[in-house]
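Read the structure below first, then the notes.
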Amino acid sequence: MQELATWMEASPLATALRSPGPLYMLVNAAHILGLSLLIGAIVPLDLRLVGIIRRPDIRVIGPFLSRAAGWGFLLVLLTGPALWSVNAVEYLDNTAFRWKMLLVALGIATIVIQHVAPGWRHAITTGRITRPTRIMAALSLLIWPSALLAGRWIGFI
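In structure tokens:
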């Protein structure tokens with residue numbers, strides 16, 4: 017991992033991001049936009065799946081929020097490594113960064129499990145939410161905001 021971090025820091029992208037000019041600010045803003053879309057869609061979706069929010073119907077809101085979260089995740093996935101490249105070696109030793117990466121991996125696992133398991137398809141076609149689907153949503157509701165907090169914590173360690 018150390019070799020990858022060293023290579024990333026020496027990459028033309030990292031060099032450009034460290035240079036004077038607005039590039040770092042623009043990539044960072046895109047990352048924040050992606051996080052906003054991701055968390056802003058996942059939280060209400062998970063609250064609806066868990067049953068804390070009862071309306072609107074999951075058949076209506078579920079596919080929309082899932083797609084919005086997907087676009088947010090794509091934006092985060094494209095911008096996150098670029099931001100990491102600026103200080104990659106140092107971030108490897110940052111406890112908050114390690115927690116964030118673990119939580120993101122767990123978050124991705126919940127997304128994959130939720131969308132591969134039959135409960136998600138059942139919920140968005142019938143409107144009935146199974147217990148396993150509720151449990152996965154509750155886990156997601158804990159994991160993604162925690163990943164966001166860990167990401168914010170990186171700069172303070």
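Start counting the sequence shown at 17; every next residue gets the next number (our numbering). All residues carry an ideal CB built from backbone N, CA and C; glycine is no exception.
Counted as a single uninterrupted DSSP element, the alpha helix (DSSP H) harbouring Met24 occupies residues 18-26. Under the three-state reduction of DSSP, Asp62 is assigned to helix. If you draw a 10 Å sphere on the C-beta of Gln18, you find fewer than 16 other C-beta atoms in it, and that means exposed. In the three-state reduction of the DSSP assignment, Asn110 falls in the coil class, being assigned neither a helical nor a strand state.
DSSP places Pro38 outside both helix and strand once states are collapsed to three, so it counts as coil. With respect to the 8 Å criterion, Ala112 and Ile74 are not classified as neighbours on the basis of their beta carbons. Residue nearest to Leu165 within the set Ala32, Pro28, Leu51 is Leu51 (criterion: CA-CA distance). The beta carbon of Leu99 sits closer than 7 Å to those of Val43, Asn44, His47, all from its chain and outside the five residues before and after it, given in chain order.
Using a Cβ distance threshold of 8 Å, Ser101 and Leu33 count as a contacting pair. Exclusion of the five residues before and after Leu90 leaves Gly50 as the residues of its chain whose Cβ lies within less than 8 Å of its Cβ. In this structure Trp23 is exposed. Its beta-carbon is surrounded by fewer than 16 other beta-carbon atoms within 10 angstroms.
Arg83 carries a helical assignment under DSSP once its states are collapsed to helix, strand and coil. Cβ-Cβ distances below 8 Å link Ser156 to Ile58, Asp62, Gly123, Thr126, Ile127, Gln130 in the same chain, with the five nearest sequence neighbours on each side left out; the list follows chain order.
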